[in-house]
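> Residue numbers (the working numbering), protein chains in the order written: chain A, -18 to 294; chain B, -18 to 294.
Take a look at this one; I'll ask things after.
Protein chains: 2
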Amino acid sequence: MLTVGLDLGGTKVLGVLVDAAGAVLAQDRIATPTTADALIDGLGSLAESLAGGEPIDAVGVGAAGMITLDGAVTYGPNVVAFREGFPLRALLHERVGLPVAVDNDANAAAWGEVVHGAVAGVRDALVITLGTGIGAGIVADGHPYRGAHGYAAEVGHFQVIENGPMCACGVPGHWEAMASGTALGRMAREAAASGRLAAAVELAGGEPQTVRGEHVAEAVRAGDGEALALLTEYAGWVAVGLAGLTNILDPEVIVIGGGLIEMGETLLGPIREAFWRGVEAPTLRERVDIVVASLGVEGGAIGAAAMARDLVT
Amino acid sequence: MLTVGLDLGGTKVLGVLVDAAGAVLAQDRIATPTTADALIDGLGSLAESLAGGEPIDAVGVGAAGMITLDGAVTYGPNVVAFREGFPLRALLHERVGLPVAVDNDANAAAWGEVVHGAVAGVRDALVITLGTGIGAGIVADGHPYRGAHGYAAEVGHFQVIENGPMCACGVPGHWEAMASGTALGRMAREAAASGRLAAAVELAGGEPQTVRGEHVAEAVRAGDGEALALLTEYAGWVAVGLAGLTNILDPEVIVIGGGLIEMGETLLGPIREAFWRGVEAPTLRERVDIVVASLGVEGGAIGAAAMARDLVT
């Protein structure tokens, strides 16, 4: 059993060839084509090139956007080739002549973690990606949780603060606007502009407006108290959302991936500490662990390959 | 096929005898016993009395609290007979000698609505009860969504405002603290204390501190602008939560029950209007309807009876 998984983002498509055990046998990437025809042909050619002449059984795609249950794109502003209703699954199926699974990229990454990654075998998990935005996938009772139309798990988009910063979706005060990597950078630059975070500003080259999350992290590791206070404040916003989502979804475990998690315990420690205080009846219920995603940048593609395998087994 | 459903609350137990089609053949209630032994015996006796000598196939209970997948009580402060870990399902099974299903009361009410109520046959629904607090049940892909431990759907408990009013669970700023009937009363009394809401105050007997939600509703129906402004503000808080939950869960339809919904379109209209603005990509996605629950005060018991039926069919 060989399947190809494709992680389709705004700038690049990362593809993997995966065997039944989840081992990555080949990997390649292309720049994301910018027209519909070139996109479908590029995805098909990438799958064929990864297969290298071996017969593959199915292709899976994790795509940036809101994806219907039938694999069409409802909303995908990051991929310029997408238009409203773009029938991605049907067109790629026609191109490759194989079963094709299409889901949201964060859902695919979540599926990868429960099938081959950090929480293999877990049946109820919430998988969060902290990056420019907040991506997420929900696994419920051993299956991807997709909702009535395929749009579930847009967990960055609930209000956590009244009249808060504008979210990328156009609504103020959403969790993504307070807890993404973008939010950490904004918080850091606001603090720097008001004269705080001197250590992080120095690491950024001396200008308050150039401070980013990684400078805060570096200053924390160097023992700077102001940077630690800011990171703890940010971790509190991450925790607020995770606690609310735990009360709503009751996962067995929460998995966090994405660029910010490279900070490791520097960030995870404060998140874990604040998280548990926001969960209902914390002294009575089973502990919900927060762990780090294990599949890294290939996670979405590996998960898409696993979704493809589910089509043919 | 006959089953008994019991809605076990802090002050009373409402029981129904239901046939396979969901028709309520008998109904009765008892005051909630205050010791563990009396509670189990009271539930068993109520079930037997409802059956009236006919053989019943199973008993279902919807109980106020956090209920494990095995029907034990993790947290149930409203029922004094509950202690931590109280094995409600096992003890009642021993008492009645029949299969027994136990779930949270709001989950049972939600199940009732999709099996016999307002959204019969719908496979993905969010059912909300607006009362003293906010109760909720999630139906996902045709099944009750219970989470890893049975605690899912505690949807009142996510932060919607920073440093907001204290929630009954002890965490500030939760949705329940801003969008329950209790919250509407608090908002009304705050407005009245600052000299607004004269019409509602008059309906309440002239004292600002006696204004309740129903006085606001009555003033709105009489055409009072201040009362309408307050109710619209409250509806906005209801909508904020419903929009966030729609982004997270992607239901096909939202069902609202509970005492407040007796206001009908007076309340539902402003909720619907504000709700859609908070949903991601509102111009591109399928509409999510908001409808009124149809089973009324018997909903939890009818849903519990339906859960019992699922044990034996």
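Where is the CB? At the ideal position from N, CA and C, for every residue including glycine.
None of the values given here were measured: they were computed from a predicted structure.
#1: Please identify the residue among A:157, A:179 and A:228 whose C-alpha is closest to the C-alpha of residue 215 of chain A.
#2: Considering only the beta carbon of each residue, do residue 83 of chain A and residue 286 of chain A sit closer than 8 Å?
#3: For residue 155 of chain B, which residues of its own chain have a beta-carbon under 8 Å away from its beta-carbon, when the five flanking residues on both sides are left out?
#4: So, for residue -18 of chain B: in the same chain, excluding its five sequence neighbours on each side, which residues have a beta-carbon less than 8 Å away from its beta-carbon?
#5: What are the boundary residues of the alpha helix (DSSP H) that residue 162 of chain B is part of?
#6: Using CA atoms only, rank isn't needed, just tell me which of B:184, B:220, B:181 and B:200 is closest to residue 160 of chain B.
#7: Is the beta carbon of residue 43 of chain A closer than 8 Å to that of residue 4 of chain A?
#8: Return helix, strand or coil for residue 251 of chain A, following the three-state DSSP convention.
#9: For chain A, find out if any of its Cβ atoms is closer than 8 Å to the Cβ of residue 170 of chain B; answer yes or no.
#10: Consider the Cβ of residue 287 of chain B: report whether some Cβ of chain A lies at a distance smaller than 8 Å.
#11: Applying the 10 Å Cβ sphere with the 16-neighbour rule, what's the burial state of residue 265 of chain A?
#12: Can you check whether the CB of residue -5 of chain B is closer than 8 Å to the CB of residue 282 of chain B?
#13: Taking Cβ to Cβ, would you say residue -10 of chain A is nearer than 8 Å to residue 59 of chain A?
#14: Taking contact to mean at least 3 C-beta pairs separated by less than 8 Å, is the segment 51 to 58 of chain A in contact with the segment 248 to 264 of chain A?
#15: What is the rounded straight-line gap between the Cα of residue 114 of chain A and the Cα of residue 175 of chain B?
#16: Does the beta carbon of residue 230 of chain B come closer than 8 Å to any beta carbon on chain A?
#17: Taking beta-carbon pairs under 7 Å, can you tell me which members of the segment 143 to 157 of chain A lie near chain B?
#18: Among the candidates B:187, B:239, B:46 and B:73, whose CA atom is the shortest distance from the CA of residue 262 of chain A?
#19: Would DSSP call residue 294 of chain A helix, strand or coil?
#20: Please confirm whether residue 211 of chain A and residue 168 of chain A have their CB atoms less than 8 Å apart.
#21: Thinking residue 20 of chain B and residue 62 of chain B are a contact (beta carbons under 8 Å), I'd like their distance in whole angstroms, please.
#22: Where does residue 18 of chain B land, buried or exposed, given buried means 16+ other C-beta within 10 angstroms?
#23: Which residue or residues does DSSP assign as beta-bridge partners of residue 111 of chain B?
#24: Is there at least one Cβ from chain B nearer than 8 Å to residue 95 of chain A's Cβ?
#25: Mind pulling the chain A residues with CB within less than 7 Å of residue 55 of chain B?
#26: Does the beta carbon of residue 47 of chain B come closer than 8 Å to any beta carbon on chain A?
#27: When the distance is taken between beta carbons, is residue 92 of chain A closer than 8 Å to residue 222 of chain A?
#28: What residue range is occupied by the uninterrupted alpha helix (DSSP H) comprising residue 27 of chain A?
#29: Using Cβ-Cβ distances below 9 Å, what residues of the segment 105 to 135 of chain A are close to chain B?
#30: Do residue 228 of chain A and residue 143 of chain B come within 8 Å of each other at the CB atom, strictly closer than that value?
#31: So with Cβ pairs under 8 Å, would you call residue 221 of chain A a contact of chain B?
#32: Using CA coordinates, which residue listed in B:78, B:193, B:232 and B:194 is at the minimum distance from residue 121 of chain B?
#33: Ends of the alpha helix (DSSP H) at residue 84 of chain B?
#34: Quick one: list the residues of chain A neighbouring residue 60 of chain B, beta-carbon separation under 9 Å, in chain order.
#35: Give the DSSP-derived three-state secondary structure of residue 288 of chain A in the structure shown.
#36: Work out the CA separation of residue 242 of chain B and residue 102 of chain A for me, nearest whole Å.
For this structure:
#1: A:157
#2: no
#3: 137, 138, 139, 140, 141, 145 and 148
#4: 0, 1, 38, 290, 293 and 294
#5: 162 to 174
#6: B:220
#7: no
#8: helix
#9: no
#10: no
#11: exposed
#12: yes
#13: yes
#14: no
#15: 41 Å
#16: yes
#17: 143, 150 and 152
#18: B:46
#19: coil
#20: yes
#21: 4 Å
#22: exposed
#23: B:115
#24: no
#25: 262, 265 and 266
#26: yes
#27: no
#28: 17 to 32
#29: 105, 106, 117, 119, 121, 122, 124, 126, 127, 128, 129, 130, 131, 132, 133, 134 and 135
#30: no
#31: yes
#32: B:232
#33: It is not in any alpha helix (DSSP H) - residue 84 of chain B instead sits in the beta strand (DSSP E) that spans 81 to 85.
#34: None at all; the shortest Cβ gap to chain A is about 14 Å.
#35: helix
#36: 42 Å
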